[in-house]
Amino acid sequence: KIVSAALEDVDYVALAQDERTADTAVQVFMVRHGRLVGRDSFLLEGAEVFNLQANNGDSADADPAGTSQLGALIGAFIQQFYDNVAFIPSLVLVQAMPPDQAVLEEWLA
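The opening position of the sequence shown corresponds to residue 11 in our numbering, with each subsequent residue numbered one higher.
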């Protein structure tokens, strides 16, 4: 299946969390040369809670809707996931930037 006309290599990392248990489902979609070639699913049990719905309405909020917790969780997942793969694409798209984004970018390169 073609998902991108750009014929690029990219991984999409998406997380969803159960508010009651903090269990977090992670999906990694792998696109190579514009085609979806694979998907991995993971369950992180009892992960740190991120609440993307909670926002006090203050547009100047330094952490809008829990994105720093989400970013930290994504960063930890990326380190574990890409430590054991044969190919790392030139682009990894995520929901929120990890706090150590520059370090991760250098490590992945």
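Built from N, CA and C at the ideal position, the CB exists for glycine as well.
Which two residues bound the contiguous beta strand (DSSP E) that contains A34? As written in the sequence, residue 34 is Thr, which differs from the Ala given in the question. Counting along the chain, the beta strand (DSSP E) containing T34 begins and ends at T34 to R42.
Consult DSSP for V113 and reduce its assignment to one of helix, strand or coil. helix
Tell me the residue span of the beta strand (DSSP E) that contains L138. Since the first residue of the chain shown is 11 and the last is 119, residue 138 is not available in this structure.
F10, DSSP secondary structure in three states: The displayed coordinates of the chain run from 11 to 119. Any statement about residue 10 would go beyond what the structure contains.
Residues in the same chain with beta-carbon distance under 8 Å from Q89, minus the five sequence neighbours each way, listed in chain order, please. L114 and W117
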